[in-house]
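In my numbering, the protein residues as written are 6 to 214. Every residue, glycine too, gets a C-beta built ideally from N, C-alpha and C. Computed from a predicted structure; not experimentally measured. Notes to accompany the following structure.
Right, dumping it as structure tokens:
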């Protein structure tokens, strides 16, 4: 079934009326009004629990900073070149989502399910990822700086050229993760000034008391 188009204003109105399922839609913007939009246009917009499975948000992606999407379902949505800085995606379902040159600095993704997600060359600075699930995710060219990754799960994830910088990694589970190798044969994952505590490493060993 082809995706149906819906204007963002109509989606907001229908959501306010109680509708939640907007799967397989293309969210459009009211051109030419968008020429006057600035970043943060939707800041504070609460769409908690919305279902956007297999939908396209490409036309509004750069305006999503500060939105509230607690418990939303964005399964298999392309979030490439999007701006979710300061957004609340706590407990959101983000399975099989794709991130390329996306910005999530300062966002709340605590408890989010990123199973099978692809994260490439995107910004994750000061993000709350406590309890996030990265099982079988592919993570390339990412710096997790000053992130709360306590109790996050990376089982079976593939990480390449990833830096954890001043990250909280208490009870984080890396068992079965693939840290890869760089061109010199060194690990594809680096830890700098991180807080470890009963952290489970890929080989099952424990780091930090």
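Short Cβ contact (8 Å threshold) for residue i with residue j
i, j, result
"residue 70", "residue 91", "yes"
"residue 81", "residue 59", "yes"
"residue 89", "residue 108", "yes"
"residue 75", "residue 40", "no"
Environment of residue i [buried if 16+ CB atoms lie within 10 Å]
i, result
"residue 155", "buried"
"residue 36", "exposed"
First through last residue of the beta strand (DSSP E) which encompasses residue i
i, result
"residue 202", "200-202"
"residue 150", "143-150"
"residue 16", "Counting along the chain, residue 16 falls outside any beta strand (DSSP E), though it belongs to the alpha helix (DSSP H) covering 13-21."
"residue 123", "123-125"
Same chain, Cβ closer than 6 Å to residue i, five either side skipped, listed in chain order
i, result
"residue 104", "84, 124, 127"
"residue 172", "149, 152, 154, 199"
"residue 165", "145, 185, 193"
Boundaries of the alpha helix (DSSP H) in which residue i is found, first to last residue
i, result
"residue 32", "No alpha helix (DSSP H) holds residue 32; the beta strand (DSSP E) holding it covers 30-33."
Pick from the options that is closest to residue i, judged by C-alpha positions
i, options, result
"residue 182", "169, 201, 143", "143"
"residue 129", "167, 136, 67", "167"
"residue 162", "180, 169, 146, 147", "180"
"residue 68", "174, 46, 134", "46"
"residue 12", "27, 34, 22, 21", "34"
"residue 55", "22, 137, 122", "22"
"residue 30", "64, 187, 38", "64"
"residue 208", "159, 214, 131", "159"
"residue 73", "112, 9, 106, 174", "112"
Closer than 7 Å: residue i CB and nearest the ligand ADP heavy atom
i, result
"residue 123", "Looking at this structure, you won't find the ligand ADP or any other ligand, since it has none at all."
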